[in-house]
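Okay, so here's the structure we're looking at.
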Amino acid sequence: MEIVFALAVGILAGSGIYLLLRPRTFQVIMGLSLLAYAVNLFIFAMGRLRMGAAPIIDPARGSDPAMYADPVPQALVLTAIVISFATTALFLVVLLASRGLNGTDHVDGREPDQE
Amino acid sequence: MNGWLQHLPILPVLLPLCAGALLLLSSETQRISRATIAICATVAQLAVALALLAMADGRMAAPWPGEVGVYALGNWAAPFGIVLVVDRLAAIMLALTSTLGLATLIYSLAHWKRAGIHFLPLFQLLLMGLNGAFLTGDLFNLFVFFEVLLAASYGLALHGSGAARVTAGMHYIAVNLVASLLFLIAAALIYGVTGTLNMAELAQRAAMLGAEDRILFNLGAMLLGIVFLVKAGAWPLNFWLPDAYGAAAPPVAGIFAILTKVGIYALLRFAVLLEDAGTPAPFGGEWLFYCGLATIATGTLGVLAAQKLDRLAGFLVIVSSGILLAAFGFSGTSLTGPALYYLVSSVLASGAFFLLIEMAERNRTAAADMLSITLEAFGLQDKHESEHPDEMAGVAIPAAMAFLGLAFFSCALLLTGLPPLSGFVGKFALLAAAFSAAPEASIQQAGMFATALLLSGLTGMIALSRLGIRVFWDTERPAPRLQWIEAGPVAALILLCSLLSLGTEPAMSYFNAAAQSLHDAPAYVGSVLPATPVKGAP
């Protein structure tokens, strides 16, 4: 499972970084989204990958930590998802405004050969 | 009374949050009541910050024992709950934030808050993020407060709209989004290795990591350091800064003057806490020193090349960041106190300078350098509309040009570090500390630091006088009309800097005490964690 998970994170992050370095705003926002997915998965993995373990203590099963998943990364990843979702939405609005004001979707607000 | 006082550390976060929510709910048309809410909230924050400043020093009876005040949210004990920590450094930064916030807020009430919607709520949320970032004792909470202040700053950077702002704002947002993602990776790595997010417990556990874990931990710490360096505007991660600050509306740029210092504060805090763990690279030592020197160099070149005052001000912010980074990277800890003095002085001065620029350039009739920005966005039309109902308070002050010239001159003295104002005292104290405290081996380091400091001051002076001549000795330009509520905050900020230089001795002793208690990491850890856990049980 680890290798599949690591590959998924790596591919997402790699594609994200590639797109982030592209000159069009749409590519940049897609890159940011992919990078955010990779980061969220990464945070999740930092609580160690466990199958079939709940993060909440069940009184019937006792409180041995070995039986449960780490709840902290799951709480962190929730916060991270909300924040990256909101900032991506904001970035989307800004890139639309930039497209409207500059008439181009280049990140510099003008086509490179116009200079 | 004491029961109420112990909740004081949470107020700098709660007050702007409540005020921001209230402002969001009230209609934009109720100008006077909205302005009153915003000013009352900011004045209350200033009062709380001053009280905390006195308490952290023991001049006022503090509700907590010892020097470091700890506020456990929800009364959960430290490693499990989130804590807010007040020491002298945090209190200084809080007071600085609310002082600058109040000045820029009053300035913005003249007409800037009407250049777009939701200025006042965003402003309060920015203050909340700043205060929270200075107070928090939890790594992930620090990330959340960074996001709060960044989200508000994105909105504020775009305030007034226009092509230049949107383009510069887009770069600013993209850079900071990537930095936030790096922050998350760093926080996750550090949590994965040490199993804690509490900064005090982190300091303990980092010191007892095994060799394998240490590599991962250092990686996480390195990423964290890069994030803070991006915020601090360190070279080579600072190319977004002059554009974003230069394009932002003046009151926004004024409060942005403190944003770079959040990164520097976080860097300093973590550098001290991780000292036992062998201070990973970006947090201190030679590396940070040369990074600071490179930042000073880029800032200085930018200062010389800048053709407009607002870009010049952006590069001056970079120079001051570079000086602080170099000072913290300097071997030994004796530079921290003077560096804090310089930080306060430079934040106040650059805040005042950003506000001043717009007033000085106000009567430029859509000059070529503003072609890309719409007239509305600069509020140029507003000066013909003095019949606005809420401009009753704004009587044009006489001798506007004389005031502007004097203020510009004082700002130039402050920013370049010439006597007699506090900029000079700060730089002089830095140099004196660098030369007197340096061990024999690092006299070369002190020499480089002094050269960079003096050269950056000289070039700043050249650039400021050149642009100042162009702006103030321009005979074809009619004298600008100023209102009291615009000129007042600038005058107050400059006056504060003069007070700082008059009261150098008490101020410097406070800053030195702050530096001492900052570098006393065991005291911090001991106050935050109720009982020291047994060693070797991570």
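Chains as they are written, first to last, in numbering that gives the first Met the number 0: chain A, 0 to 114; chain B, 0 to 537.
Ideal Cβ placement from N, Cα and C applies to all residues, glycine included.
Is there a Cβ from chain B that is less than 8 Å from the Cβ of residue i?
i, result
"V117 of chain A", "The requested residue 117 of chain A does not occur in the structure, where chain A is confined to residues 0 to 114."
"A5 of chain A", "no"
"A88 of chain A", "no"
"L20 of chain A", "no"
"E1 of chain A", "no"
"L33 of chain A", "no"
"L100 of chain A", "yes"
"M29 of chain A", "no"
Rounded to whole angstroms, how far is the Cβ of residue i from the Cβ of residue j, which I believe are closer than 8 Å?
i, j, result
"S349 of chain B", "A256 of chain B", "4 Å"
"V271 of chain B", "H518 of chain B", "6 Å"
"A233 of chain B", "T299 of chain B", "Not a contact, Cβ separation roughly 14 Å."
"L266 of chain B", "F227 of chain B", "4 Å"
"S516 of chain B", "V69 of chain B", "Contact doesn't hold; Cβ gap of about 14 Å is too wide."
"L23 of chain B", "V47 of chain B", "Actually they are not in contact, since the Cβ atoms of L23 of chain B and V47 of chain B sit about 22 Å apart, beyond 8 Å."
"L354 of chain B", "V470 of chain B", "Rounded, the Cβ-Cβ distance is 15 Å, inconsistent with contact."
"L16 of chain B", "M92 of chain B", "Between M92 of chain B and L16 of chain B the Cβ distance is about 18 Å, and since that is not below 8 Å, they are no contact."
"P115 of chain A", "G46 of chain A", "The structure shown does not extend to residue 115 of chain A, since chain A is modelled only from 0 through 114, so no value can be given for it."
"S330 of chain B", "G422 of chain B", "That belief does not hold up - the Cβ atoms of S330 of chain B and G422 of chain B are roughly 25 Å apart, past 8 Å."
"L20 of chain A", "L31 of chain A", "That belief does not hold up - the Cβ atoms of L20 of chain A and L31 of chain A are roughly 12 Å apart, past 8 Å."
"A436 of chain B", "S333 of chain B", "4 Å"
"V8 of chain A", "L40 of chain A", "5 Å"
"I493 of chain B", "A406 of chain B", "6 Å"
"R268 of chain B", "A399 of chain B", "No, R268 of chain B and A399 of chain B are not in contact; Cβ-Cβ is about 43 Å, not under 8 Å."
Kindly say whether residue i, judged by its beta-carbon, lies nearer than 8 Å to any beta-carbon of chain A.
i, result
"L13 of chain B", "no"
"I372 of chain B", "The predicted position of I372 of chain B is uncertain, since its pLDDT is 40 and thus under 50; a value taken from the coordinates is nonetheless stated next. Output row for I372 of chain B: interface = no."
"L215 of chain B", "no"
"L157 of chain B", "yes"
"A202 of chain B", "no"
"A76 of chain B", "no"
"A365 of chain B", "Its pLDDT being 41, under 50, A365 of chain B is placed unreliably in this model, and the value from its coordinates should be taken loosely. No, A365 of chain B does not count as interfacial toward chain A."
"A270 of chain B", "no"
"A220 of chain B", "no"
"Y244 of chain B", "no"
"F238 of chain B", "no"
"I468 of chain B", "no"
Just to make sure I have the definition right: I need the residues of chain A whose C-beta is within less than 8 Å of the C-beta of residue i. Which are they?
i, result
"F139 of chain B", "L75, T78"
Find the residues of chain B that neighbour residue i, judging by a C-beta separation of less than 7 Å, and give them in chain order.
i, result
"G108 of chain A", "A162, T166"
"I82 of chain A", "E146"
"S97 of chain A", "V165, T166, M169"
Less than 8 Å separating the beta-carbons of residue i and residue j?
i, j, result
"A185 of chain B", "Q123 of chain B", "no"
"L273 of chain B", "A205 of chain B", "yes"
"A167 of chain B", "D242 of chain B", "yes"
"L463 of chain B", "T415 of chain B", "yes"
"P521 of chain B", "G425 of chain B", "no"
"M54 of chain B", "G136 of chain B", "no"
"L99 of chain B", "L347 of chain B", "yes"
"F352 of chain B", "C410 of chain B", "yes"
"I317 of chain B", "G301 of chain B", "yes"
"R23 of chain A", "D104 of chain A", "yes"
"Y523 of chain B", "D56 of chain B", "no"
"G15 of chain A", "A37 of chain A", "yes"
"L51 of chain B", "V343 of chain B", "no"
"F182 of chain B", "F145 of chain B", "yes"
"I42 of chain A", "A79 of chain A", "yes"
Please compile the residues from chain B whose C-beta is within a distance smaller than 9 Å of the C-beta of residue i.
i, result
"P72 of chain A", "A187, Y190, G191"
Starting from residue i, find everything on chain A with Cβ-Cβ shorter than 9 Å and list it in chain order.
i, result
"V143 of chain B", "T78, I82"
"Y153 of chain B", "T86, L89, F90, V93"
"A150 of chain B", "I82, A85, T86, L89"
Residues within the segment 38-69 of chain A neighbouring chain B, beta-carbon criterion of under 7 Å: V38, F41, I42, M45
Members of the segment 166-192 of chain B that neighbour chain A once the beta carbon cut-off is set at 8 Å: T166, G168, M169, H170, I172, A173, L176, V177, S179, L180, L183, I184, A186, A187, L188, Y190, G191
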